[in-house]
Structures are given as structure tokens and as C-alpha cells.
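Sequence lines, in order, name chains A and B. Just add 3 to the spot in the first sequence (first one is 1) and you have my numbering. Just add 8 to the spot in the second sequence (first one is 1) and you have my numbering. Yeah, the Cβ is synthetic: ideal placement off N, Cα and C, and Gly gets one too. Here the structure is a predicted model, which means the values were calculated and not measured.
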Amino acid sequence: MFLAGSKSCKPIYINTRYRLHIIDFDLRFSKFIRMAEVKLIGTTQSLNCIRIEWALKLKGVEYELIEEDLLNKSPLLLKYNPVHKKVPVLLHHGKPIAESHVILEYIDETWKNNPLLPEDPYERSMARFWAKFSDEKCIFGAYEAAWLEEGEEKQKAIQSAQELLAILEKQIEGKKYFGGEVIGFLDLVVGWIPRWLNAMEEVGGIKLLDAERFPSLHEWSQNFIANPVIKERIPPQETIVNYFNFGISYRRSLAVAKP
Amino acid sequence: MAEEVLLFGFWGSPFSRRVEMVLKLKGIEYKYIDEDFSNKSPSLLKYNPIHKKVPVFVHNGKHLAESLVILEYIDETWKDHPILPKDPYKIANARFWAKFIDEKYLSAIWKSCTSEGKEREKAVEETSELLQFLENELKEQKYFGGETLGLVDIAANIIGYWLEIFEEAFGVELLRKEKFPKLCNWANEFVSVSAIKENLPPRDKLIAFLRNRFGVGNASK
């Protein structure tokens, strides 16, 4: 009758109503402890942070989000990520883990339900390879195409960015998600496309994810963002557009200032 | 069915040597193909069309690129002499440091060796800060992996062997014993392990290669 796993539960035979209160307190106390166990230091606009929230939600892990001001980094962030001083940082029982791919794999290995990575070692390695490719090449390729001012260099950057998207297109062809029938590790990593790529396109005055040229990637993007767990925790388009407006203006000003 | 294990590498590359080190540690037999950078083989371009780089690992026809990805694949496929721990937090820690080494160290060391004047001073300082992180991480352990070599030790082969070669080839001092005693000690232990020792490129050959290809650096330290 009492909660499974609740160590403090001893039946107290006073009256039914009081006994029910004890159960309720115990349930809420346990839930509080579970929540405090997992904390995420991050920001809502960061694609690296959102992918962690998606993973935690897909696994039904309760967590506390500690919003970080990146222009004024907190002592907490500097304490738990002294090497990079960046978000996201996951705290589990007070132990910090940094770097989003590392965090995603840690989450997958710690909470075994709804696995994010395939079981087969080769398939796992391919997911890791493409995740690295997406983060190291595709995002920066798209950002470069967005921030460059109109001209030959911008056109070349657009072409390069699209060549990289074409490679991702091949990986998703014939599949609903990169993970197969359900969202997996690689979907979360490539999850920057629906909002963040969209915002880069808007601010940069470019079109990269052409539905005609990349039908599978386009369809994946629609499926991904329609998933209730993803949709629940995705920042509004306007927030990301504002973020890139600021970032791209600053980047362009650096390019002008450079002799 | 006989296992087919191939490795496309370059004799002087720390990245392809990492894979060889782990294959040796685990006693896995493989066929090695050395690549010529100026004339990459059709096989390499076929197996790694994305990056066109070494190392490329082929296991029973399935190919993989990126050295850290390959190392984890090998560890998950051949379970003897594991290079990753079992505890998820310790695994995460190992992956963090391996990734950090990959992303930061080689470019910082390279800049320290090939730039001049104020730029070199800045690069040397940056490299020193990076080395301090690893000095601290080593704590009182023999290896980053504890009592046996782990993923981070293999990833840190750049520091364990190649760093000293860069120092000699370009006349720069980065890994000072008085500042990094633990790291220096670790480097000596690392290169003494037979699986590692057998997979180090010849010192003089590598110094000559670096000097020829990239020019002799300044003699000043």
C-alpha cells in the first residue's frame, strides 16, 4: 500500500485521514529529492542545452533548470565547468558533466528506458560520427552562410552549406527519424535544424533547407518538431531570431573592424 | 569466418597511431595500409569521402572514421583490456577529456611551434594552461585510466610522445618538468608500455619529416 522504494514508510495506525497525509508527504518528499538529483545549468536559446532537456524529457527524468546569463557567468557555472566555462552542464547527485554529446551519452547510460543510441556497436559509432559531423561542419557552415554579407563569398558559403545538408539528406532518406522509428541521439543532435537553421536563414536572408532539394530532411524536420516532447520544450522562433540578430550583427561588425 | 580488420593510417600521425595502440593492447590482428598525403589512395577516398583523412578503420567491410569514434567501437567490439571504465560518470569524464585533448591541444602546440614573436608567446602561454588542466587531472594516478591505460591516455599520445618531437623539431619548450612533474612522469610511463612503444614513429624520421615539410623553426626557446 505504501510507495515502493520509500524507505521511511511504516504504517501508522492513527486514523485513515492522517495516514493518507503521511503517504502524500512521502510521495512529495521523494519527488522533491528526485528533482533535486538532476539539475541542468543552461539557457533556453542554446541548441546544445535544449537537446539535453529533450533527452531528459524523453526518458521521463525530472530535473531543475538553472538559467544562466552568458554575458555574466555565474560562480556556479565557473565552478562546475572551469575548463570551458560553457553551458550545458548537467549535475547528477552534485557531480558535473559537460559537453552536450558526453551528457547525452551519460543520460542514455544512466536511465535505460527509451534508449537514445542503438545497441549495435557499428550503428552507435555511425550515430557518433554523424553527430560530430553535424556539430562541427553543418552548424558552422550554415552560420557562415548567414552572417556573411552579400557577395561572392556568401554565395560560396551557401553552396558549401547546402553540400553539407545534402550529406545529411542521404542519412535520413527512407527513415522517419535518424534513430529509425523513434527519436534517438542523432535526431537530438541534428535538432538544431527546425528552429535554429530557420532563424539563421531569416536573419541571414538565405534559404538553405530547400524542400525540393532536401525532401527527406525537410520531412524529418516537420516530424521532429511535431513530436509532443520536442514541441513542449522548444523555444519560440522569435527568441532564436532575436538571438541570431544580435550574434550576426556582432559578427558582421567584427568583420568590418578587421583591417 | 575470419575477421577482416584493416587500418588506413599515416606512420607519423598520432591519430592513426592511437588506433594501432589500442589494437595492439587488445591483441587484435589487422592489416595496415600507409597513406601518402600527397597521393591519397582510392580506397581511402572511398571509405572516408566526407573528411578524406586517416585513420579509417574497416571491420568486416564496415568502415569508420574519426579516431575517438574508432577507439570506442574497438572497445565495444573486443572486450579484452577495456579502455573505458564501467561506471557511467567515469566514462563521461573520460570522454570529456579525450574530446578536450582532440579539440584544443594539437592546434595550440602547432601554433606555439610555427608562430613568432608575441603570437608565439601567447600560444605558448595557452598551451601551458592546457597542460595544467591535464597535470591536475592526473592526480596521484599512474595513468589517466587509473592502474591501466584508458581512453584518455591513448588520446593524450600527442602529449606523451609527439609533443617532445615538436619541441625538438621547432626549438620550443612546452612540457617543463619543474612545472608539470606528473605529466612528465606519465609520459615516461606511457611510452614504456610495450603496446605503445611498438607503435611510436621513429623519432629522427619524424623530426626530419616535420622540418622538411613545415620548415625548421626558430632555435630560440
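Give the secondary structure of residue i by DSSP, where H, G and I count as helix, E and B as strand, and everything else as coil.
i: Tyr151/B; result: strand
i: Ala73/B; result: strand
i: Pro118/A; result: coil
i: Glu235/A; result: helix
i: Phe16/B; result: strand
i: Arg255/A; result: helix
i: Lys98/A; result: strand
i: Lys39/B; result: strand
i: Tyr180/A; result: strand
i: Val86/A; result: coil
i: Glu145/B; result: helix
i: Ile110/A; result: helix
i: Lys42/A; result: strand
i: Tyr16/A; result: Note that Tyr16/A has pLDDT 48, beneath the 50 cutoff, so the model's placement of it is unreliable and no number is given.
i: Val206/A; result: helix
i: His67/B; result: strand
i: Leu81/A; result: helix
i: Ile58/B; result: coil
i: Val27/B; result: helix
i: Leu182/B; result: coil
i: Glu70/A; result: strand
i: Val92/A; result: strand
Quick one: does residue i have its CB under 9 Å from some CB of chain A?
i: Phe188/B; result: no
i: Val77/B; result: yes
i: Lys1/B; result: An answer regarding residue 1/B cannot be provided, because it is not within the stretch 9 to 229 covered by chain B.
i: Lys213/B; result: no
i: Ile58/B; result: yes
i: Tyr55/B; result: no
i: Tyr40/B; result: no
i: Glu84/B; result: yes
i: Ile36/B; result: no
i: Asn101/B; result: yes
i: Glu74/B; result: yes
i: His89/B; result: no
i: Tyr97/B; result: yes
Give me the Cβ distance between residue i and residue j, rounded to the nearest whole Å; I'm assuming they're in contact under 8 Å.
i: Phe18/B; j: Glu43/B; result: 5 Å
i: Ala258/A; j: Ile209/A; result: With 8 Å as the limit, Ala258/A and Ile209/A do not qualify as a contact, their Cβ atoms being about 16 Å apart.
i: Asp161/B; j: Phe188/B; result: Asp161/B to Phe188/B, Cβ: 16 Å. No contact.
i: Leu79/B; j: Val27/B; result: 7 Å
i: Tyr151/B; j: Trp105/B; result: The pair is not a contact, with the Cβ atoms about 12 Å apart (cut-off 8 Å).
Roughly how many angstroms lie between the CA atoms of residue i and residue j, to the nearest whole one?
i: Ser46/B; j: Leu72/B; result: 22 Å
i: Glu124/B; j: Lys130/B; result: 10 Å
i: Met38/A; j: Leu59/A; result: Low confidence applies here, because Met38/A scores a pLDDT of 46, under 50, leaving its location unreliable and the question unanswered by this model.
i: Lys178/A; j: Glu172/A; result: 10 Å
i: Pro91/A; j: Glu70/A; result: 10 Å
i: Leu120/A; j: Val185/A; result: 11 Å
i: Lys112/B; j: Asn245/A; result: 31 Å
i: Ser137/A; j: Val64/A; result: 26 Å
i: Gly179/B; j: Leu168/A; result: 43 Å
i: Thr135/B; j: Leu183/B; result: 9 Å
i: Lys185/B; j: His221/A; result: 55 Å
i: Asn75/A; j: Gly45/A; result: 13 Å
i: Leu212/A; j: Gln165/A; result: 8 Å
i: Ala177/B; j: Thr122/B; result: 10 Å
i: Ala303/B; j: Asp123/A; result: For residue 303/B there is no data in the structure shown, the boundaries of chain B being 9 and 229.
i: Leu151/A; j: Lys159/A; result: 10 Å
i: Thr47/A; j: Pro238/A; result: 6 Å
i: Trp223/A; j: Gly223/B; result: 49 Å
i: Arg221/B; j: Ile41/B; result: 22 Å
Consider the Cβ of residue i: report whether some Cβ of chain B lies at a distance smaller than 9 Å.
i: Thr46/A; result: no
i: Val86/A; result: yes
i: Met203/A; result: no
i: Arg37/A; result: At Arg37/A the pLDDT is 49, less than 50, meaning the model places this residue with poor confidence; the figure from the coordinates comes in the next sentence. No, Arg37/A does not count as interfacial toward chain B.
i: Phe181/A; result: no
i: Ala229/A; result: no
i: Tyr83/A; result: no
i: Lys98/A; result: yes
i: Lys135/A; result: yes
i: Phe132/A; result: yes
i: Ala101/A; result: yes
i: Tyr266/A; result: Nothing in the structure corresponds to residue 266/A, since chain A is present only between 4 and 262.
i: Glu112/A; result: yes
Looking at C-alpha atoms only, which residue of the options is the closest neighbour of residue i?
i: Tyr66/A; options: Asn84/A, Ala214/A, Trp57/A and Asn201/A; result: Trp57/A
i: Glu133/B; options: Ala164/B, Ile117/B and Cys192/B; result: Ile117/B
i: Phe23/B; options: Ala216/B, Phe222/B, Pro209/B and Gly223/B; result: Pro209/B
i: Asn117/A; options: Leu168/A, Phe181/A, Phe188/A and Pro238/A; result: Phe188/A
i: Pro191/A; options: Ile53/A, Ser49/A, Val41/A and Ile251/A; result: In the sequence as presented, Pro is not what sits at residue 191/A; that position holds Leu. Nearest of Ile53/A, Ser49/A, Val41/A and Ile251/A to Leu191/A, Cα basis: Ile53/A.
i: Leu43/A; options: Leu93/A, Phe217/A and Lys88/A; result: Leu93/A
i: Ile161/A; options: Ile170/A, Gln174/A and Tyr146/A; result: Tyr146/A
i: Ile196/A; options: Pro78/A, His87/A, Leu79/A and Ile142/A; result: Ile142/A
i: Asp88/B; options: Glu12/B, Ala102/B, Glu206/B and Val30/B; result: Val30/B
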